[in-house]
Amino acid sequence: MKTKRYVVRPKVIDDVLDNPGIGFMTFQRFNGDRLNEGNGWTEGFPIEYQPAGGDLSNERHPRTTIAYFRLYWQFLETAPGQYDWAVIDRALSTAKERGQTLMLRIAPYGESTEKTDVPDWYRELPGVTGNPIQPKWLVDPEDPRYAQYFGGMVRALGRRYDGHPGLEAVDVSFVGPWGEGEGTEKLTDRTREALVDGYVDSFRETPLLMLLTDERTNRYALSRRNVGYRADCLGDMGGSWTNLMEILPGSANDYHDVPLDWSHMMDHYPQKIIQNGFRDAWQKAPVSFEVCWVVQDWYDRKWDIDYIIDQSLKWHISSFNAKSSPIPEAWEPNVRRWLNRMGYRLALRKLTYPCVVRPGGEMTIATWWENLGVAPCYRKYELAVRLKNERDEIVLKTAADIRAWLPGDNLYDGALRLPDALQEGHYQVALGLLDPHSGEPAIRLAVEGRGPDGWYAVGGIEVRHRDEEVDAAEPEPF
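Here's what the structure looks like:
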């Protein structure tokens, strides 16, 4: 006799979903902190912690699941081989308390030797100088000691934190102000590979994000492992640059072939993403953007917010750093639309499962999912089915790998083995995407049915020792 099956079609919702690893992020701050004032921000220095309150919402800024922390090397490695891990440990623990994971960049230095230099102990080594081929390098990366010491710090960082459940991603950062990679095209292969290898050898589990730099550097990293990319000037529509000679080496403002309205959105990202090998990188590793200046600057310059949003979605953005600065009130509906597409957005469209199962038997499920976002989820959350009644509760984990669920339709069919000792009776069936560390539901779905415990109720099921047809009068799950 063929077992009857329930068919469940949950209703899709359009709520903004606060899910791990996607959406806006705080910058040198955490959920519930006061935002930066006006059009300014700070970076590179240890976090100035604000008192924690009960309200973790962010005024004029979306709530986030990511906290971004950028720190200059000098504050981490206080002496050769001596690391102040407490500065990162506290950021990780505070992020966890505020419902966030931490995205991290250790920048070698900033713009000047006054307050944002390399560590004092490195500056004081005999013969440490800059390099005239790139004036913005505060020290010479071709000095073998640079790869030895900065690379040594990266390897120590990986030994301590790779795979940490609270570490969302690490930026590949090694030269130029703020570690943004200015001048990487001038590195020798020996130095380039040594600095990149420090990251790819040390971070095997935690995702790596690489600045869009030069083709040779980016493609070398991609040859070693799946790395995502980040770009630090999203939204720039031009008309604001007076230093094109620095942006485009070998060119100057008065060159006839370099327009003064050069922009990242029109003249850099569309080209570099393809040329540097990142066009399809989003399928395996995340894409993250940082605002150019702050969003209020976009508004003041009357830039087209919807164009900026749509381009970022085309590039498969998962997360966005608005530098913890306020979002113009007039643009809140636009940002809501953005948040509902950014990263992954999983909707269970159809589920079938048997009306009756036996202890020790199998519960076969067939599912159709739709990813309504623009990227997959890059962490292996576990799709699980829960059977629960007033006496018993069992959680059955599937073999689904949601990291392969690209935008559009995705299927998972499987057979779940039931315990021999499972008691007869009626059970409620629920689905969840579980954090592999806590075993608790971690991802909100774009459908109705979520309970207070994070599980999604889909209906009921009978556990019986003999296969029997369910009474036709028994109600359907939905």
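In the UniProt record's numbering, the protein residues as written are 1 to 478. Using N, Cα and C, we set each Cβ at its ideal position, and we do this for glycine too.
For the options Tyr229, Tyr412, Pro376, Asp84, the alpha carbon positioned closest to that of Pro20 is the one of Pro376. Residue state for Met265 is assigned as helix, using DSSP reduced to three classes. Distance from the CA of Thr188 to the CA of Leu222, rounded to the nearest whole angstrom, comes to 18 Å. In this structure, Trp315 lies near Tyr269, with their beta-carbon atoms less than 8 Å apart. CA-to-CA, the gap between Arg34 and Ala446 works out to about 30 Å.
Here Arg224 carries a helix assignment [DSSP, helix/strand/coil].
For Glu448, same chain residues with a beta-carbon under 7 Å away, outside a window of 5 residues either side, are Pro10, Lys11, Ile13 in chain order. Checking the DSSP bridge columns, you'll see Tyr456 partnered with Leu431, Arg450. Listed in chain order, the non-local C-beta contacts of Gly110 below 7 Å within the same chain comprise Gly44, Tyr72, Thr116, Pro177, Trp178, local neighbours out to five positions each way being set aside. With distances taken between CA atoms, Asp171 lies nearest to Pro207 out of Arg160, Pro207, Asp15.
Put simply, the backbone Cα of Gly53 is about 24 Å away from that of Pro165. Linking Ile273 to Gly238 through their CA atoms gives a straight-line distance of about 19 Å. The criterion of a C-beta distance shorter than 8 Å is satisfied by Gln74 and Asp120. By the Cβ-count criterion, Asp420 is exposed, with fewer than 16 other Cβ atoms from all chains shown falling within 10 Å of its own Cβ. Between the C-alpha atoms of Pro80 and Tyr199 there is a straight-line separation of about 19 Å.
Annotation: the continuous beta strand (DSSP E) that includes Ser319 extends over 319-321. Looking at Asn276, Asp300, Gln423, Tyr381, the one whose alpha-carbon comes closest to that of His465 is Gln423. Of the other Cβ atoms in all chains shown, fewer than 16 fall within 10 Å of the Cβ of Gly163; this residue is therefore exposed. Counting only runs of 4+ residues, the alpha helix (DSSP H) found wholly inside the UniProt domain "DUF4832" (306-446) occupies 332-339, in chain order. It is roughly 33 Å from the alpha-carbon of Ile461 to the alpha-carbon of Asn340. Each residue's CA atom was taken as its position, placing Phe69 and Arg90 some 11 Å apart.
A Cβ-Cβ distance of about 5 Å is found for the pair Lys323 and Phe27, placing them in contact under the 8 Å criterion. Residue pairing of Phe289 in beta bridges, as defined by DSSP: Ala231, Phe320. A distance below 8 Å separates the beta carbons of Ala147 and Ala194. In the three-state DSSP reduction, Ala52 falls in the coil class, being neither helix nor strand.
Excluding its 5 nearest sequence neighbours in each direction, Arg5 has C-beta neighbours in its own chain below 6 Å: Thr352, Pro354, listed in chain order. Taken atom to atom, the span from the alpha-carbon of Pro441 to that of Trp331 is near 32 Å. Straight-line spacing of the CA atoms in Ala281 and Asp197 works out to 19 Å.
A Cβ-Cβ distance of about 20 Å is found for the pair Gly439 and Ile365, leaving them out of contact under the 8 Å criterion.
When DSSP states are grouped into helix, strand and coil, Ile273 belongs to the helix group. Take Gln275, set aside five residues on each side of it, and the residues of its chain with a beta-carbon closer than 7 Å to its own are Glu215, in chain order.
Non-local C-beta neighbours of Glu185 in its own chain, meaning closer than 6 Å and more than five positions away in sequence, comprise Asp214, ordered along the chain. Contact between Thr3 and Asn31 is ruled out by a C-beta separation of about 47 Å, above the 8 Å threshold. Ala430 is positioned such that its CB atom lies closer than 8 Å to that of Trp455. If the five residues before and after Val7 are omitted, its C-beta is found closer than 6 Å to the C-beta atoms of Thr352, all from its own chain and listed in chain order. Between Met363 and Leu434, the C-beta spacing is not below 8 Å.
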